[in-house]
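Asks: Residue numbers (my numbering): 451 to 832. C-beta: ideal position from N, C-alpha, C; glycine also. Sharing a structure here in C-alpha cells format.
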C-alpha cells in the first residue's frame, strides 16, 4: 500500500489536478474537530476515499481533500513544532500503543453514544419498503452442481420474490441432476430466466454474464449456497438508494468474513480462519433477520472499503461505469469482488453494509477449500 511508485503516482495526480506544491502537509496524529459538522463529515469522507484509492500517506490525502473542501485549519502548536517533540504530548510507536489503556480520569468525564439511540429500522420498515416495492430487481444465481444447496437457495428466493423481481440462473455446465432440476424450476415461470453455458466458464465469467443478462437498475449476485428471508432484496435496495454515491451493498451473515455475526474469526479453522457461525437450536434465519431489524439504526449505514461477494448488490450505474468482473486475473472465482470494489472506489462509488438483513450462507460447497486457497494465491501474485 505504501509502495514508493504508488506515492509518486498519487502526488503527481494531485499536482496535475491543482494541488499547490508549496501548500505543505499537516500533522494528522492529533486533530480537534466538530464531529457533527457536515463540512467536516464531507472532508473526512473525501479524505478516506483518497486513502482507499492510493497510499496510506494520510497527510498527502488530506492535502488533496482540503482542496475539495476548503476549511479553515488552526494549528495547535507553533509552526515547525511537532507533537512528537512537544512536552505536553507523549509519543508511542504503533506496536507499543496496542498495550496502552486510557486512564480512568480521562474516561470518567465522558460517556458512550450508541448507534441504536433513536429509531431503528423496525419502526420505519413498512413505510420505507412500501415506497420501493414496485422497483425491479434482478437476482442472479450462478450454479455449478451442489444440488441440495441449490434447491434450498432457489426455493427460498422464489418464496420471497415480489412481482417486479426476477431470478436469473446461470447454469455453468452442472451435472445432469442439477441441470434437470434447474430446467424444471424455471419452466413456465415468467419471473425465472435460465441461461445454460455450453462450457464451464467458472464463477467470474458466469457472474459477469448474469449481470449482463439483467436489465434492472439494481442487480444482486446471490451465491447458490445461501438462504434468504422475507424482504431481503428490498432492504438491500433501500440502503443502495439511500445515497446516490452508494454503488454496492451486502448484508450480514453467519459466514461472510467481517460481515459475519456474531463472530468474524474462527478459533481454529483451516484456510483463512474465517468464522462459520452455527445457528443455535430453536432459532431460525428469520428470527435473526427480525432481531437485526430491531437493533439496526434507521438512518445510519456503515460504509466499508470492500464487501463480501456472497450476496452482492450492484447498481446499474456501477456496471455502466466500470463494466464487469476481471476474468483474466480472476478467471474462475474468489477475489473478483474485491478487485471490483477497488475499481468502483476509483470510479467514485462507495459501499455499505445492510445491517438490518441476515442471509444464511452454507459456505461454498461447490468449491473445495484447497482449490480456493491455491486460486487466491495465484490471483494475488498477478
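For the alpha helix (DSSP H) containing residue 615, list its first residue and its last residue.
Replies: No alpha helix (DSSP H) holds residue 615; the beta strand (DSSP E) holding it covers 615-621.
Asks: Residues bridged to residue 644 by DSSP?
Replies: DSSP output for residue 644 lists 619 as bridge partner(s).
Asks: By DSSP, does residue 741 sit in helix, in strand, or in coil?
Replies: The answer is helix: DSSP assigns residue 741 an H, G or I state.
Asks: Measuring alpha carbon to alpha carbon, tell me which of 657, 529, 761 and 615 ends up nearest residue 710.
Replies: When only C-alpha atoms are compared, the closest one is 761.
Asks: Output the residue ranges of the alpha helix (DSSP H) runs that lie fully inside the region 514-552 and measure 4 residues or longer, sorted by chain position.
Replies: If we require 4 residues or more, the alpha helix (DSSP H) runs fully inside the region 514-552 come out as 544-547.
Asks: Tell me the rounded alpha-carbon separation between residue 758 and residue 606.
Replies: Roughly 20 Å between the two C-alpha positions.
Asks: Taking 8 Å as the cut-off, decide whether the C-beta atoms of residue 780 and residue 791 are in contact.
Replies: Result no, Cβ atoms of residue 780 and residue 791 do not sit closer than 8 Å.
Asks: What are the complete alpha helix (DSSP H) segments, minimum 4 residues, inside the region 730-790?
Replies: The qualifying runs are 735-745 and 766-772.
Asks: Could you check what DSSP says for residue 452 in three-state terms: helix, strand or coil?
Replies: Here residue 452 sits in coil by DSSP.
Asks: Say yes only if the C-beta of residue 492 is nearer than 7 Å to one or more non-hydrogen atoms of the ligand SAM, and no if none qualify.
Replies: The model depicted lacks the ligand SAM and carries no ligand whatsoever.
Asks: Is it true that the region 626-640 meets the region 650-664, where meeting means three or more beta-carbon pairs spaced less than 8 Å apart?
Replies: Cβ pair count under 8 Å is below three, so no.
Asks: Ends of the beta strand (DSSP E) at residue 806?
Replies: Note, residue 806: beta strand (DSSP E), 800-808.
Asks: Assuming residue 669 is part of the alpha helix (DSSP H), what are its boundary residues?
Replies: That residue, residue 669, is in no alpha helix (DSSP H); its beta strand (DSSP E) goes 668-672.
Asks: In three-state terms, what does DSSP make of residue 649?
Replies: Here residue 649 sits in coil by DSSP.
Asks: Sorted by chain position, which residues of the same chain lie with C-beta nearer than 7 Å to residue 708's C-beta, five sequence neighbours on each side aside?
Replies: Answer for residue 708: 714, listed in chain order.
Asks: Indicate whether the contact test is met: 3 or more Cβ pairs, each with one atom in the region 740-759 and one in the region 572-588, closer than 8 Å.
Replies: Because the criterion of three Cβ pairs below 8 Å is met, the region 740-759 and the region 572-588 touch.
Asks: Mapping the DSSP letters down to three states, classify residue 715 as helix, strand or coil.
Replies: The answer is strand: DSSP assigns residue 715 an E or B state.
Asks: Between the region 502-522 and the region 476-484, can you find at least three pairs of beta-carbon atoms closer than 8 Å?
Replies: Yes, since at least three Cβ pairs between the region 476-484 and the region 502-522 fall closer than 8 Å, the two stretches touch.
Asks: With C-beta atoms as the reference, is residue 807 less than 8 Å away from residue 752?
Replies: Going by C-beta atoms, residue 807 is not nearer than 8 Å to residue 752.
Asks: Count the other CB atoms within 10 Å of the CB of residue 735; is the residue buried (16 or more) or exposed (fewer)?
Replies: When all chains shown are included, residue 735 counts as buried.
Asks: Please confirm whether residue 763 and residue 635 have their CB atoms less than 8 Å apart.
Replies: Cβ distance not < 8 Å, so residue 763 and residue 635 don't count as in contact.
Asks: Flag this pair as touching only if the region 595-604 and the region 768-777 have three or more C-beta atom pairs under 8 Å; answer yes or no.
Replies: With the cut-off at 8 Å, the region 595-604 and the region 768-777 do not touch.
Asks: Around the C-beta of residue 732, are 16 or more other C-beta atoms found within 10 angstroms, so that it is buried, or is it exposed?
Replies: Residue 732 should be labelled exposed.
Asks: State the Cα-Cα distance for the pair residue 490 and residue 671, rounded to the nearest angstrom.
Replies: Distance between the alpha carbons of residue 490 and residue 671 is about 35 Å.
Asks: Is there contact here, the region 609-618 with the region 689-707, by at least three beta-carbon pairs under 8 Å?
Replies: No contact exists between the region 609-618 and the region 689-707.
Asks: The beta strand (DSSP E) with residue 593 in it runs from where to where?
Replies: First-last of the beta strand (DSSP E) with residue 593: 587-593.
Asks: In the DSSP output, what is residue 699 paired with across the bridge?
Replies: According to DSSP, residue 699 bridges with 763 and 802.
Asks: For residue 789 and chain C, any beta-carbon pair shorter than 8 Å?
Replies: Given the protein chain composition of this structure (a single chain), no chain C is represented.
Asks: From the DSSP output, which residues share a beta bridge with residue 710?
Replies: DSSP, once it has assigned bridges, lists 703 as partnering residue 710.
Asks: Quick check on residue 505: buried or exposed, where buried means 16 or more other Cβ atoms within 10 Å of its Cβ?
Replies: It counts as buried.
Asks: Just reading off the alpha helix (DSSP H) that residue 393 is part of, what are its end residues?
Replies: As shown, the chain starts at 451 and ends at 832. That puts residue 393 outside it, with no answer to give.
Asks: For a test of the three-state rule: what should DSSP assign to residue 582, helix, strand or coil?
Replies: Of the three classes helix, strand and coil, the one that applies to residue 582 here is helix, per DSSP.
Asks: Is the beta carbon of residue 674 sitting closer than 8 Å to the one on residue 596?
Replies: In contact: residue 674 and residue 596 (Cβ atoms closer than 8 Å).
Asks: What is the C-beta distance between residue 705 and residue 788, in whole angstroms, given that I count them as a contact (C-beta under 8 Å)?
Replies: Not a contact, Cβ separation roughly 17 Å.
Asks: Need the endpoints of the alpha helix (DSSP H) that residue 627 sits in, please.
Replies: First-last of the alpha helix (DSSP H) with residue 627: 626-636.
Asks: Tell me the rounded alpha-carbon separation between residue 686 and residue 643.
Replies: Spanning the two alpha carbons is a distance of roughly 22 Å.
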